[in-house]
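Residue numbers (the numbering used here): 12 to 467.
Using N, Cα and C, we set each Cβ at its ideal position, and we do this for glycine too.
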Amino acid sequence: MKTRTCLAVLTLTLSAATTLPARAATDTHLSGELPSGAAYVMDVPAAWNGTVLLYSHGYTPAGVPNPAQNAPGSGTRTKLLAEGYALIGSSYATTGWAVTDAVPDQLATLDVFTRKFGPARRTLAWGTSYGGFVTTALAERHADRFEGSLSMCGLVQGGVANWNSTLDPVFALRTLLAPGQGIPLTGFTDQASAAAAAKSLTSKTAAAQQTPAGRARIALAAALHNIPGYNDPSQTEPGPTDWNAQEAGQYTAVNGLLRLPAFSWRQEAESRAGGNMSWNTGVDYTSMLGRSPLYKEVTELYKEAGLSLRTDLAALDDAPRISADPAAVRWMRHTSVFGGRLTDPQLDIHTTGDALIPVQAESAYRRAATAAGRGPLLRQAYVDGPGHCAFTDGEMLGALHTLEHRLDTGRWDASAGTLNARAAQEDPASAPRYVTYHPAAYPRPYDLAHPGDARP
Numbered sequence: 012m013k014t015r016t017c018l019a020v021l022t023l024t025l026s027a028a029t030t031l032p033a034r035a036a037t038d039t040h041l042s043g044e045l046p047s048g049a050a051y052v053m054d055v056p057a058a059w060n061g062t063v064l065l066y067s068h069g070y071t072p073a074g075v076p077n078p079a080q081n082a083p084g085s086g087t088r089t090k091l092l093a094e095g096y097a098l099i100g101s102s103y104a105t106t107g108w109a110v111t112d113a114v115p116d117q118l119a120t121l122d123v124f125t126r127k128f129g130p131a132r133r134t135l136a137w138g139t140s141y142g143g144f145v146t147t148a149l150a151e152r153h154a155d156r157f158e159g160s161l162s163m164c165g166l167v168q169g170g171v172a173n174w175n176s177t178l179d180p181v182f183a184l185r186t187l188l189a190p191g192q193g194i195p196l197t198g199f200t201d202q203a204s205a206a207a208a209a210k211s212l213t214s215k216t217a218a219a220q221q222t223p224a225g226r227a228r229i230a231l232a233a234a235l236h237n238i239p240g241y242n243d244p245s246q247t248e249p250g251p252t253d254w255n256a257q258e259a260g261q262y263t264a265v266n267g268l269l270r271l272p273a274f275s276w277r278q279e280a281e282s283r284a285g286g287n288m289s290w291n292t293g294v295d296y297t298s299m300l301g302r303s304p305l306y307k308e309v310t311e312l313y314k315e316a317g318l319s320l321r322t323d324l325a326a327l328d329d330a331p332r333i334s335a336d337p338a339a340v341r342w343m344r345h346t347s348v349f350g351g352r353l354t355d356p357q358l359d360i361h362t363t364g365d366a367l368i369p370v371q372a373e374s375a376y377r378r379a380a381t382a383a384g385r386g387p388l389l390r391q392a393y394v395d396g397p398g399h400c401a402f403t404d405g406e407m408l409g410a411l412h413t414l415e416h417r418l419d420t421g422r423w424d425a426s427a428g429t430l431n432a433r434a435a436q437e438d439p440a441s442a443p444r445y446v447t448y449h450p451a452a453y454p455r456p457y458d459l460a461h462p463g464d465a466r467p
């Protein structure tokens with residue numbers, strides 16, 4: 012009799028634990044506005060499976076439309092709704108380096124969802140690019156709200172490391188291509204001053220691209236940021252020793268870096284931080300180049316140009332350095348730096364040919380998570396292809412289901428072969444491209460798990 016009673020209680024307990032949320036009669040689409048002014052959007056299928064996915068979108072520059080988004084694209088949205096997932100997300104109340112708005116707005120969106128539809132059986136955070144950064148912030152700082160997270164092409168190196176690494180290539184370009192011309196690289200008072208500086212350095216870079224010496228120096232600058240030579244799906248993949256073709260691809264990416272992140276986006280971030288949050292005092296650029304996976308390309312282009320790499324590196328070492336505003340560093344450290352302190356599983360995916368957020372960002376987050384003792388909760392996987400966030404729908408959905416498998420079983424099964432199998436199942440029309448890959452170390456990591464990183 013006692014055994015039967017225990018079995019009955021166990022059955023009731025398991026039944027309660029797996030009860031699905033109440034289902035609506037039809038699919039539900041909701042949009043609205045949060046108290047912050049951010050927009051939100053929600054799609055809940057009638058046959059909701061009990062899992063809600065909170066999507067964090069990428070960086071939106073000032074002046075660009077900023078609608079709420081609840082999926083990376085229409086293909087993933089359609090597929091996930093058909094599989095029963097509820098999809099939610101917000102616009103964030105502001106554009107730019109909006110982490111102090113994005114995190115509370117995403118949590119508020121989740122609150123609205125819970126009030127309207129009831130508690131989810133499982134809540135996952137996921138996001139792309141800057142949204143991968145927001146996702147990781149949610150995972151580290153609000154773990155009680157989520158069971159797991161998926162960061163795709165994410166800025167997981169954190170804010171200080173990002174802005175330091177963005178400074179290095181433009182410092183090299185200014186020093187080697189525009190010596191003594193005083194082009195400012197930080198401390199912009201407004202967007203007009205940032206645009207003027209970007210225009211000046213872009214002009215010098217375009218002229219340099221016309222000569223072998225200039226191209227060698229552009230390759231050196233690209234190597235300090237680990238910008239790959241094959242970084243856009245529209246490019247023809249260069250041969251492994253076609254150094255000039257690799258530099259041509261880097262030049263295109265360097266132009267993009269000058270046009271937006273290094274100047275315009277920096278000015279917006281500086282306005283939030285209250286000053287310049289990056290520095291290169293004490294940086295050894297000779298050692299940094301030596302650690303870059305692009306070192307061979309740079310040395311070969313310097314030889315071809317008949318130029319002394321040692322002389323140019325000495326010029327970088329001797330050039331006046333840029334110091335940070337300590338208060339701005341503290342703001343960035345407080346709002347935008349990670350400690351690797353995961354409480355729940357996180358899966359990161361990244362393309363190998365990403366120029367905007369180079370794949371080495373994953374090494375920076377692995378470093379933090381390992382130092383924090385949370386390495387077993389983190390898995391990172393790599394798609395062999397060019398471009399930023401250039402995943403197929405299948406590759407993203409395969410990653411999502413890999414995270415779910417970890418939550419269901421308590422163990423990771425995130426090998427390239429397994430991810431490819433799951434991706435192919437989700438998107439049979441596209442060949443999946445996951446590979447076994449180990450990125451090089453990030454040039455200048457900065458995280459909360461390493462006290463030595465605290466000093467500019």
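Exercise. Is the Cβ-Cβ distance between Ser67 and Asp359 less than 8 Å?
Worked result: Against a cut-off of 8 Å, the Cβ pair of Asp359 and Ser67 comes out as no contact.
Exercise. Buried or exposed: where does Gln357 fall if 16 or more other Cβ atoms within 10 Å of its Cβ makes it buried?
Worked result: Gln357 is buried by the Cβ-count criterion.
Problem set entry | Same chain, Cβ closer than 6 Å to Thr447, neighbours up to 5 away in sequence not counted | Leaving aside the five residues that flank Thr447 on each side, the residues in its chain whose CB is nearer than 6 Å to its CB run, in chain order, Ala427.
For this session: Could you give the DSSP three-state label for Asp201: helix, strand or coil?
Result: coil
For this session: Look at Pro467 and Thr292 and say whether their C-beta atoms are less than 8 Å apart.
Result: Yes, these two residues count as a Cβ contact at 8 Å.
Problem set entry | contact_flag[the stretch 135-148, the stretch 252-263] where n(CB pairs < 8 Å) is 3 or more | Contact between the stretch 135-148 and the stretch 252-263 is absent, because fewer than three Cβ pairs lie under 8 Å.
Problem set entry | First through last residue of the alpha helix (DSSP H) which encompasses Glu311 | Counted as a single uninterrupted DSSP element, the alpha helix (DSSP H) harbouring Glu311 occupies residues 306-316.
For this session: Starting from the C-beta of Asp6, find all residues in its chain whose C-beta is less than 6 Å away, skip the five residues before and the five after it, and write them out in chain order.
Result: The shown model of the chain, from 12 to 467, leaves out residue 6, and the question about it has no answer.
Problem set entry | Between the CA atoms of Asn237 and Tyr262 - distance to the nearest angstrom | 13 Å
For this session: Measure from the alpha carbon of Met407 to the alpha carbon of each residue in Leu418, Gln436, Arg422, then state which is nearest.
Result: Comparing Cα-Cα distances from Met407 to each of Leu418, Gln436, Arg422, the minimum goes to Gln436.
Exercise. What residues match up with Met53 in a beta bridge as DSSP calls it?
Worked result: Leu41, Ile99
Problem set entry | Residues of its chain near Pro450, where Cβ-Cβ distance is below 7 Å and the 5 sequence neighbours each way are ignored | Counting only residues of its own chain and dropping the five nearest sequence neighbours on each side, Pro450 has a CB closer than 7 Å to the CB of Val370, Gln371, Glu373, Ser374.
Problem set entry | Reference Thr403; option with closest CA among Trp59, Leu65, Lys90, Gly95 | Lys90
Exercise. Is the beta carbon of Tyr438 sitting closer than 8 Å to the one on Gly384?
Worked result: For clarity, residue 438 is Asp in the given sequence; the question names Tyr instead. Contact flag unset, no.
For this session: Give the DSSP-derived three-state secondary structure of Pro454 in the structure shown.
Result: Under the three-state reduction of DSSP output, Pro454 falls in the coil class, being neither helix nor strand.
Exercise. Does the distance from the CB of Ala49 to the CB of Ala104 come in under 8 Å?
Worked result: yes
Problem set entry | Own chain residues within Cβ distance below 7 Å of Ser101, not counting five before or after | Leu45, Ala49, Ala50, Tyr51, Ala79, Asp116, Gln117, Thr120
Exercise. Hey, would you say Arg88 sits closer than 8 Å to Phe199, going by beta carbons?
Worked result: It is not a contact, given that the beta carbons lie outside the stated cut-off.
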